[in-house]
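For the sequence shown, the working numbering gives the first residue as 79, with consecutive numbering after it.
Report on the following structure.
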Amino acid sequence: MKVKVSPIVLIKIIDAASQKLDREVGGFLIGKISDNCLNIVDVEFPESKGSESYVEIDPLAMAAVAEKLEKKGMRESIVGWWHSHPGFGANFMSSIDVNTQKIYQSLFDKAVALVVDPVPYVSSEDVKKLDFKIYRVVGESYEEVDWSFAVDDYWKIIGDVLKIISEARKQVLVADSSARKLLDVLELRKELSVLKESARNLSEIGSRFEKFQT
79 MKVKVSPIVL IKIIDAASQK LDREVGGFLI GKISDNCLNI VDVEFPESKG SESYVEIDPL
139 AMAAVAEKLE KKGMRESIVG WWHSHPGFGA NFMSSIDVNT QKIYQSLFDK AVALVVDPVP
199 YVSSEDVKKL DFKIYRVVGE SYEEVDWSFA VDDYWKIIGD VLKIISEARK QVLVADSSAR
259 KLLDVLELRK ELSVLKESAR NLSEIGSRFE KFQT
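Encoded structure:
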């Protein structure tokens, strides 16, 4: 079986995994079978919880995503899952990963697991150094699956889009920082206004007290 991966799949996975280097994250692979080729065209990010060595996807999420795809009238479905191994490399599947993959293959016999370590990319900012592999379970073990990208110039496309996302995220952070500073200034002005009003009230009370004494 051939496996083809759309650049948008890696773009979304890299962006998501790069934001959570302290723990594993994961989600669903969306695609379809065509001419004995598994085409992975998108990803979903369901609720999940994880640690530096483990990720658990909400067990109810699969049904919710399947229902969403059906309502949209899409021909694609869940064809596997992906998760990150931040700092540990993508050249292995843990025993938990293997058991999880068995479940996916019991639901869809062509299902695959995509494992990614975003650290080499984050450290170098070179998308070609991204460490990721695709696996399937065979018996009680697993094997790597050969794959290819669905378009030409895929690394350039992925790199360019990730740069755009990175710059946009930086601009959002700058805007957020500026907004926070503005709020701090406005809050300070409010506090100064309250203090001035209190000072005026104290001054009036002092004047009245002096008149009362005289």
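C-beta: ideal position from N, C-alpha, C; glycine also.
- In the three-state scheme derived from DSSP, where H, G and I count as helix and E and B as strand, Glu203 is classed as coil.
- Residue pairing of Ile135 in beta bridges, as defined by DSSP: Ser126.
- For Leu107, the closest alpha carbon among the candidates Leu88, Asp93, Glu245 is that of Leu88.
- In this structure, Val215 places its C-beta atom within 8 Å of the C-beta atom of Gln179.
- Three or more beta-carbon pairs drawn from the region 166-177 and the region 185-195 are found closer than 8 Å, and the two stretches are therefore classed as touching.
- Counting every other CB atom within 10 Å of its CB across the protein chains shown gives Gly217 a total below 16, marking it as exposed.
- In the DSSP assignment, Lys90 falls outside any beta strand (DSSP E) and lies within the alpha helix (DSSP H) extending over 85-96.
- Note that the C-beta distance between Val83 and Ile118 is below 8 Å.
- In the DSSP assignment, Val193 falls within the beta strand (DSSP E) that extends over 190-195.
- If you check the CB distance, Cys115 and Lys150 do not come in under 8 Å.
- Rounded to the nearest whole angstrom, the C-alpha separation of Ser184 and Ser96 is 30 Å.
- Comparing C-alpha distances from Phe227 to each of Asp120, Lys98, Glu102 shows the shortest one belongs to Asp120.
- Rounded to the nearest whole angstrom, the C-alpha separation of Lys207 and Tyr199 is 6 Å.
- Secondary structure of Lys180 (DSSP, three-state): helix.
- In the three-state reduction of the DSSP assignment, Lys80 falls in the strand class, which pools E and B.
- Excluding its 5 nearest sequence neighbours in each direction, Ile111 has C-beta neighbours in its own chain below 7 Å: Lys188, listed in chain order.
- A direct Cα-to-Cα measurement between Glu154 and Ile181 gives close to 19 Å.
- Straight across, the Cα-Cα distance linking Leu138 with Trp159 is about 15 Å.
- Taking 8 Å as the cut-off, the beta carbon of Val157 is found no closer than this to the beta carbon of Ser126.
- Annotation: the continuous beta strand (DSSP E) that includes Glu222 extends over 219-222.
- For Lys248, the secondary structure class from DSSP, reduced to helix, strand or coil, is helix.
- Secondary structure of Lys149 (DSSP, three-state): helix.
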